[in-house]
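> Read top to bottom, the protein sequences are chains F and C. Count the first sequence with the working numbering and you get residues 64 to 495, in order. Count the second sequence with the working numbering and you get residues 32 to 491, in order. Even for Gly, the Cβ is constructed at its ideal location relative to N, Cα and C. Take this structure first; my questions come after.
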Amino acid sequence: MRIPVTTYTLANGLRVILSEDHATPVVAVNLWYHVGSANERAGRTGFAHLFEHMLFQGSAQVAANEHFELVQRAGGTLNGSTWLDRTNYFETMPSHQLELALWLEADRMARLLPAMTQEKLDTQRDVVKNERRWSVDNQPYGTWWERLPALCFPPEHPFHHSLIGSMEDLSAASLEDVATFFRTYYTPDNAVLTIAGDFDPAAARTMVDRHFAAIPRGTGRPPLPAMTLPATFGGGRREVVEDDVVAPRLFLAFRVPAAGSAGWYAASLMGAVLGTGDGSRLARALVREQRIASAATAYTFDLAKGSDLLVCDVTAHPGVTADALEAAVLAEIDRVRRPDAPDAVQEAERERALALLETSWVTALQSAGARADKLSQFATYFDDPARVNEEPARHAAVRVADLAAFAAASLGPDNRAALLYVPRHTPAAEAA
Amino acid sequence: MTVPPRPTPGVPRPYEFPDVVRATLSTGMRVVVVPMPRLPLVTVLGLIDAGASGETNAEAGLAALTARTLVEGTHSLDGAALTARLEGLGTSLGGAADWDASSVHFTVTRSRLRAAFALFGETLRTPAFAATEVERLREERLADLAQQLAEPRGLADQRFNGFVYAPNTRFARPVGGTVGSVQALDRAAVSRYHAAHYGAATTTLLFVGDIRPDEAVAMAEEEFQAWRNSAQPSASAPDAVARAATSSRRVVVVEKPGAPQSELRIGHVGVPRSHPDHLAIVVMNAILGGLFSSRINLNLRERHAFTYGASSGFDWRRAAGPFAVRTAVKTEVTARAVEEILRELDGMRAAPPSADEVTLATDYLAGVFPIRFESTDAVAGALASALTFGLAEDWFLRYRDRVRAIGPDEVFAAAQAHLDPTRLLVLAVGDGAAITESLDALALGPLTRHASDADPAEAP
C-alpha cells in the first residue's frame, strides 16, 4: 500500500503536497513550519512553543480562540505541536469543510500580527508556565525531557536547551519577539502544506491558490549553526537526579546517525529489537526474566539534523536500587555487542522487529491526519515526500550484520549517556 | 493583497457507519463483523461479560489480573514463547478489564490473521495462568499503583473516587484493585475467575477490517467450536457498587507539600449509562467542559490563565460513574479557580445555553463522527462499548440525527437534573499549607486534610 503523492510549489515558495484517498469523507490539512526550539535566540528558551500558542489567538479575520471554535463547529479536530526543529498545525475536517481549514491557516500565515496584543501574550505566557508546571515541574521524572538533551548535546548546540523553556525566559518574551519570529520564520517558503484524504485535486489547487498564492515570500531564514558532531560522545556521561519518585528510572542514550541517513535505519531497527514489545531484549530480560523493571522501552528521537539519539527508557520495580537497574541494562547492551549467538542479534529478532514495525506502519496510515503529517515531515526534512513509501523497505534492508556493526560502532562505553532518577529520602538512598 | 472572506462549506459527502453483520456460532458464541477493506488490516476483539463491578471489595482487581495474565501463556506455550510467536506475526494480545467487561484484542496485517487468530483462540480457551506469571503481574500491578499514587494526577483521580463513593463500595477502589486486595490475589483465584466467566455464552467476537463476514464466521466456528463450558456473566448490584459517600458538599485537601500546582477534582456521583438523558448530558457536558471552547476551559485557561487546561466529564458505566471537573492550577490561585468552576456549574443550571452554544456542541459531535471511526481499532472499541451497554443495533446509524435534535431546553433540563452543586466533593491534591486557608474561606462545607498515603477505601 503506497500513499499517493503529488507535489508542487507556489511562486512564493510554499510547497504543497496532495494525497487523495476517498474511503471516507474526511480530509486532513497539515502545515509544517521549519522552525522549532533550535531556532530560538539566547535568553528566549521556550519561545517557539509559546509562539505556537499565539497562533491560536486570532489573526486579521479570526478572533482569539475562534480558530478552535470554527473548526469544531465544522465537525473537525485540530491542534499544533512544537518540536526541536519544526512546528506543525493540523486540522482533520469533514471533506466539504476543506476550504475553511485552508482559510484559517492562510489568514494566520498572512495576517497574524494585526491580532497580537500584550494582553494575549501575557495570558498565553501564563498558560505555558502552567503547562511547564503540569508536564515538567509537578510530574515524577518530568524533567527528563530537558535534562537528557542537555546531557547529550554540547551547550552551544541548538538541541541543547529546553524546548518548554525556563520561567525566566518565558517572562522575558515580548510582542517584539513575536513580530520578529513571525516575519523570520512563518513565511510560505519556510513551510510545507499537505492535504490528505477526500478532496478533488483541481478544486483543492484552486483553493490553495486563492488563499496562499498572494502571501509574500520571506527574506530567508537565518541558518542554524553547524549541527554535525563526532559519531560518538567520546566517553561516558552520567547524571543522577533525586526526585519525588517511588522507583529508579534510567534513560540511557546513544548518539546515532541523523534520522533518514543511511546509517540511521540500523539504529531505528535496533531500537525495536531492544525495546518494542514484551518480547524485546530489554523487556524480556528485565521485566519478564529478572523482574527488575516494570517497564522497558527503546526509541529514537527521529532528529534529522546532525545526529539522532537512541534512548533506552527503563523503570525499576519499587525497591530495586538504581545501581542494580543500571547494571542490568548495561549487561543487555553489552550482550548485543558480542559477535556470537545467542548474544548478538539473531535473524528471528530482526524479523520480529520488522513485523511489529510493519503493523504499526499500516495501522498509522489509516488516519488521514497521520498520513498528512508523515508527508509534511518527509518534505521538510528530505525535500522528498514520496520517500515516505520507501520507509518499510529501508528498514527491511537492514541485515543482522548491519545491526552487529551498528552495535559495535554506537552502543559502546564511549557512547553512553546515563540519566538516572532515584527516589528522594529513601532508606536505600541514605545508605548509599 | 486582497483578503479572501471566510469560505462557505461545500456539499457534505454522505457518510454511513460501516455495515455491521451479526451471527451466532453453534456454541451460542456471538460474532460481529464490520468489513472495512481499505487497508490490509484486521482488528479482532473478544469481549467478555465479566467486569470489575461484579467483584467483592476483598477481591478487587481480580478481573483485571485475570485479563492481564490470560495473555501470558497457554497450556502449550509459556509466556515468552506465546509472546515470541505473536510478535513474530507483528502483533500482541492486549488483555484488560474494565468496570463492565473484559476484553482481549489484537490488530494484525491481513496475511497473518489466521495464524494470529489461532493463538488468540488458544489463549482464550486454554490459558496457563502459571503461578510465576500471576505473581509477576501481581507485583507489576503493585508497582503500577505505587507509581500512580506518586503522580499528582493519578493520586487526585484515585482519591476523588475514594472520597466520592462510600468507603465500602467497589467504585471507591480502582478497577485494578488496591494494595490490600491485590496482595491477596493468586493463581487459584485467577483460574477460578476464568472458569466462571470466560466461555461461549459470555463472549462476543468482533472482527473489524479487511475481512468478509462469511470468512470471519467460518474462522470463529473452526477455532471455538470445542469451547463449551458453564461460564456465566459476572453479576453486580448497581446500587451497592455506586453509592455516594455523602449527600452534602465538602472539601478534601490531599497533602503534597511544596507542589507548584494543585490538581483539582470537583464533582459527584453521576448517572448510569442507561439513563434516558444520556445524550442530553453529553451535549450539556460538551458546553460545560467537554470542548476546548467550553465554558470552563475558556474561563480558567483563556480568561484567567490559571491552568494549561480544564475539562469536565461523565464517566459512563452500567452503574453510576462519577462526574468530575478536572484541572491543575497554579498553587496561588487554587481557591479562585474553585470559585470560577462553581460559578460555571451554577451558570449552567441558571439559564438555558444560547442556541449558538448548543449547535457548537451538536455540530461538533455529529460532524466529527467519521473522523472518530477512521481506524479498525476505533470501530471495534466503539462497538464493544455499545455491546457492553446493550445499545440498540441502530445506535451508530441514528447517533448524528439524535445529537442534532438536542436543543437548549434539553441541555438546560440535563444541567438542572444532573449537576448538583449542593453535593459536590471539592478535592485538591496540593500544598496544604498554602491552599487550605483560602479554600476554607470559601465556606463550601467541612474541610478535611489527608496525608497522600491515606486511602479512604482502606481506612481501618
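Which value, in whole angstroms, describes the spacing of the CA atoms of C/S134 and C/G126?
So the alpha carbons of these two residues sit roughly 6 angstroms apart.
> Apply the 10 Å Cβ neighbour rule to C/T393 and answer buried if 16 or more other Cβ atoms are within range, or exposed otherwise.
It is buried - the Cβ of C/T393 has at least 16 other Cβ atoms within 10 Å.
> If you follow the alpha helix (DSSP H) that C/N316 is in, where does it begin and where does it stop?
Looking at the DSSP string, the run of the alpha helix (DSSP H) that includes C/N316 is H309 to N316.
> Whole alpha helix (DSSP H) runs in the region 45-124 of chain C with 4 or more residues, listed along the chain?
Counting whole runs of 4 or more residues, the region 45-124 of chain C contains the alpha helix (DSSP H) stretches 93-101 and 110-119.
> At least one CB of chain F closer than 8 angstroms to the CB of C/V272: is that the case?
Not one chain F Cβ lies under 8 angstroms of C/V272.
> Could you list which residues in chain C have their beta carbon closer than 8 angstroms to that of F/V485, in chain order?
The contacting residues do not exist; F/V485 stays about 13 angstroms from chain C at best.
> Three Cβ pairs or more, each shorter than 8 angstroms: is that satisfied between the region 464-473 of chain C and the region 188-200 of chain C?
Touching, no, given that fewer than three Cβ pairs across the two stretches are closer than 8 angstroms.
> From F/A492 to C/L168, what distance separates their C-alpha atoms?
Since pLDDT at F/A492 reaches only 41, below the 50 mark, its modelled position is unreliable, and no value is offered.
> F/D376 by DSSP, collapsed to three states: which one?
Strand.
> Is F/V92 closer than 8 angstroms to F/F153 when the C-beta atoms are compared?
Their beta carbons are under 8 angstroms apart, which means F/F153 touches F/V92 by this criterion.
> For chain C, check one thing: does any of its Cβ atoms lie closer than 8 angstroms to the Cβ of F/S158?
So yes, F/S158 belongs to the interface.
> Quick one: any contact between the region 127-146 of chain F and the region 322-340 of chain C, if contact means 3 or more CB pairs under 8 angstroms?
With the cut-off at 8 angstroms, the region 127-146 of chain F and the region 322-340 of chain C touch.
> Taking Cβ positions only, does C/S483 come closer than 8 angstroms to chain F?
Chain F, which has no Cβ nearer than 8 angstroms to the Cβ of C/S483, makes this no.
> Roughly how many angstroms separate the alpha carbons of C/L113 and F/E453, rounded to a whole number?
Roughly 31 angstroms separates the two Cα atoms.
> Pop quiz: C/E20 and C/H481 are said to be a contact at Cβ under 8 angstroms. What is the actual Cβ separation, rounded to whole angstroms?
For residue 20 of chain C there is no data in the structure shown, the boundaries of chain C being 32 and 491.
> Would you kindly check if the distance between the Cβ of C/L120 and the Cβ of C/R143 is under 8 angstroms?
Taking 8 angstroms as the Cβ cut-off, C/R143 and C/L120 qualify as a contacting pair.
> In the structure shown, what three-state DSSP assignment does C/L473 receive?
Reduced to three states, the DSSP call for C/L473 is coil.
> How many angstroms separate the CA atom of F/L141 from the CA atom of C/A417?
For F/L141 and C/A417, the distance between alpha carbons rounds to 27 angstroms.
> Determine which residues share a DSSP beta bridge with C/T33 and list them.
Partner(s): none; C/T33 has no beta bridge.
> Determine the extent of the beta strand (DSSP E) in which F/L496 is found, giving its start and end residues.
Outside the displayed span of chain F (64 to 495) sits residue 496 of chain F, for which this structure offers no information.
> Can you tell me where the beta strand (DSSP E) with C/T10 in it begins and where it stops?
Residue 10 of chain C is absent from the structure shown; chain C starts at 32 and stops at 491.
> Quick check: F/L420 and F/A335, are their CB atoms within less than 8 angstroms of each other?
Yes, Cβ-Cβ distance for F/L420 and F/A335 is below 8 angstroms.
> Under 8 angstroms between beta-carbons, which chain C residues line up against F/M64? List them in chain order, please.
L70 and P71, listed in chain order.
> For F/I278 and F/R188, I'd like the C-alpha separation in whole angstroms.
Distance between the alpha carbons of F/I278 and F/R188 is about 28 angstroms.
> Look at the alpha carbon of F/D365 and the alpha carbon of F/V374, and state the distance between them as a whole number of angstroms.
One C-alpha to the other measures close to 11 angstroms.
> Going by DSSP in three states, F/Y71 sits in which element: helix, strand or coil?
Correct three-state label for F/Y71: strand.
> If you check the beta carbons only, do C/A128 and C/A149 fall under 8 angstroms apart?
In this structure, C/A149 does not lie closer than 8 angstroms to C/A128 by Cβ.
> Looking only at its chain, what residues have a beta carbon closer than 6 angstroms to the beta carbon of C/R156, apart from the 5 residues adjacent to it on each side?
Within the same chain, C/R156 has close Cβ partners W258.
> Under 9 angstroms, CB to CB, which of the residues in the region 321-346 of chain C have a partner in chain F?
Answer set for the region 321-346 of chain C: L322, F323, S324, L329, R332, E333, R334, H335, A336, F337, T338, Y339 and G340.
> Can you tell me which of F/E302, F/A456 and F/V392 puts its alpha carbon nearest to the alpha carbon of F/E352?
Of the candidates F/E302, F/A456 and F/V392, the one whose C-alpha sits nearest the C-alpha of F/E352 is F/V392.
> According to the neighbour-count rule (16 or more other Cβ atoms, all chains shown, within 10 Å of its Cβ), is F/E239 buried or exposed?
Exposed, since its Cβ has fewer than 16 Cβ neighbours within 10 Å.
> Evaluate F/P285 with the Cβ neighbour count: other Cβ atoms within 10 Å of its Cβ, from every protein chain shown; 16 or more gives buried, anything less gives exposed.
That one is exposed.
> Going by DSSP, what residue range makes up the alpha helix (DSSP H) through F/Q135?
Here the alpha helix (DSSP H) through F/Q135 covers E129 to R136.
> Could you tell me the boundaries of the alpha helix (DSSP H) in which F/H159 lies?
First-last for F/H159: undefined, no H or E at that position.
> When burial is assigned at 16 or more other CB atoms within 10 Å of the CB, is F/Y71 buried or exposed?
That one is exposed.
> At a Cβ threshold of 8 angstroms, is C/P40 touching chain F?
Interface residue, yes.
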